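Taking it in order: structure first as structure tokens, then the write-up.
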Amino acid sequence: MFTIGGLIIHLALPLKTTVCWEVLTIILLTILMIEVKMSNFEQSAGNQQINFLVGSSETKRSPLRSSIFTVNEDIVRVIKYKLINHHARSGRKLSNKPRLEKEDNIEQFTPLKVYSNFKQDRDLILKQEKDKSGIYCLVNKINKHVYIGSSIHLANRMKNYLNTSFLNSRQNSNMPIIKALLKYDQDNFSLLILEYVDIKNITNRETFYITSVVPYYNVLKQGYSSLGYVHTEETKNLLSKLAKNRTHSLETKGLICRRLTGENNPFYNKNHSLESKRRMMEANSAYPVYVYNSYKELLVIFPSVLTLAKLIKSNHPTLVEVIKENKLFRGEWYLDNVPYHIEDKPKISNWESNDCKILIENINNNSHIRKAIFVYDKNLNCIDKYDGVTVAAKALKLNHLTIKTSALNKEIYNGFLFSYERLH
């Protein structure tokens with residue numbers, strides 16, 4: 009005699025190792041639905057009224073048919089429950105989650121560099137990874153979970169990860185790797201440099217490592233970069249409006265101040281070198297400028313490089329270079345940040361006076377001169393001064409290379425001695 013129990017026994021045994029329980033349940037449900045249809049057909053033959061409204065979401069059923077559906081649904085639930093218990097006893101897990109590849113499979117790659125202690129190796133990392141772009145991996149030494157990332161400035165990225173203020177910022181609070189760094193501390197992470205990559209290929213290489221390693225801490229399963237993206241004009245205008253008149257509250261300023269004090273400060277426990285201090289002074293024009301003529305006579309003193317640059321239509325870097333190299337500026341003036349002699353007194357005491365305005369006008373009138381050339385005879389008597397080597401070559405009918413060579417080597421040529429500055 010054909011029974012459902014018999015069918016279960018005959019199907020479950022051969023399919024035990026090859027067919028999952030979901031397939032078996034579907035087969036049983038199909039058989040039960042066939043029985044329901046047969047029952048409905050028999051009830052219709054017995055003049056039981058069953059009406060279906062075609063095209064309507066409602067169906068009129070007799071009480072008898074509803075009870076049949078209920079009975080069969082109960083049977084299905086019982087069968088499914090027994091199947092679940094059977095698989096549980098056999099030690100097989102039932103899960104709807106698809107089986108993933110092995111996570112954190114970083115052992116398959118040999119890194120270019122390994123920093124075993126992320127926090128203690130801070131200085132070494134920032135020094136060796138400066139101005140480099142590539143793919144990196146952060147490894148949690150406690151649970152072995154990893155994170156794969158890329159950056160066009162590896163040193164800057166690592167500096168952020170080592171900054172507690174950056175980790176605690178609201179914009180990063182939902183990132184798994186940030187949470188892990190805060191929870192386990194940077195001491196319990198190691199840094200692997202997997203590959204140095206050109207900026208054009210960095211996203212593709214990051215995707216390759218992510219798909220190969222399947223890192224636990226990565227949210228995105230492929231590389232992403234906004235490098236090269238250009239905002240639309242509408243977006244630029246919106247960002248500009250949002251940035252205007254933006255001021256921090258006193259509370260926010262206090263929080264920023266607290267988060268940048270102590271070890272969180274990038275300059276913590278460091279001092280500027282003398283060279284750095286000198287450069288800062290130059291950048292801020294924090295020194296006076298002494299202006300001498302070609303005879304080394306002090307003419308006037310300006311309060312800063314920037315002040316002089318604005319008056320003579322020049323720029324800060326140019327004047328700083330002139331001061332460093334101590335070369336003649338525009339064919340007639342020397343600039344320095346210290347006096348040649350302590351006893352030097354300027355001919356013009358006030359840089360805002362009319363006399364100084366005349367001097368500034370003369371300097372501006374000579375703006376076309378890059379290197380003046382002085383011509384002397386063999387007795388070192390000054391013959392003339394020209395606005396440049398080319399002008400002197402035309403006037404004296406000599407080759408300009410000859411004049412340059414004579415000026416550099418300070419050699420007399422054809423009775424002439426050429427120089428880029430006055431000799432006395």
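9 is the number of the first residue of the sequence shown in our numbering; add one for each residue after it. All residues carry an ideal CB built from backbone N, CA and C; glycine is no exception. A quick note: this is a predicted structure, and the numbers were derived from the prediction, not measured.
- C-alpha of E351 to C-alpha of L306: approximately 10 angstroms in a straight line.
- Note on geometry: alpha-carbon atoms of L409 and A415 lie some 10 angstroms from one another.
- Annotated as distal: I207 and S159, with beta-carbon spacing of 8 angstroms or more.
- Around the beta-carbon of Q194, 16 or more other beta-carbon atoms lie within 10 Å, marking it buried.
- In this chain, the alpha helix (DSSP H) harbouring I366 covers N362 to N373.
- Looking from the CA of R378, the closest CA among V399, L319, Q128 and T269 belongs to V399.
- I150 and Y217 do not touch by the CB rule: their CB atoms are close to 22 angstroms apart, not below 8 angstroms.
- Secondary structure of K149 (DSSP, three-state): coil.
- Annotated three-state conformation of G339 is coil, per DSSP.
- C-alpha of Y169 to C-alpha of R254: approximately 27 angstroms in a straight line.
- Rounded to the nearest whole angstrom, the C-alpha separation of V154 and Y123 is 14 angstroms.
- Taken through DSSP and simplified to helix, strand or coil, E203 comes out as strand.
- Annotation for F337: V330 and L343 place their beta carbon closer than 6 angstroms to its own, counting only its chain and skipping 5 residues before and after.
- DSSP places D195 in the helix class (H, G or I) of the three-state scheme.
- Sequence-distant partners of N113 (beyond 5 residues in either direction) whose C-beta falls short of 8 angstroms from its own C-beta, in its chain, are S220, V221 and V222.
- Comparing alpha carbon positions, the residue from N277, F174 and M166 closest to F197 is M166.
- Q136 and K121 have their alpha carbons spaced roughly 10 angstroms apart.
- For K402, no beta strand (DSSP E) run applies; the uninterrupted alpha helix (DSSP H) run containing it begins and ends at V397 to L404, by DSSP.
- About 14 angstroms separates the beta carbon of V328 from that of V346, a gap too long to meet the 8 angstroms contact definition.
- The residues V154 and S198, in chain order, have a CB closer than 6 angstroms to that of V147 in the same chain once the five nearest residues on each side in sequence are set aside.
- Contact check for L268 and S173: beta-carbon distance about 6 angstroms, within the 8 angstroms limit, so the pair qualifies.
- Distance from the CA atom of S361 to the CA atom of F426, rounded to whole angstroms, is 36 angstroms.
- In the displayed model, D139 falls within coil according to three-state DSSP, outside both helix and strand.
- Separation of I133 and A163 (C-alpha to C-alpha, rounded to the nearest whole angstrom) is 7 angstroms.
- A direct Cα-to-Cα measurement between T413 and V397 gives close to 11 angstroms.
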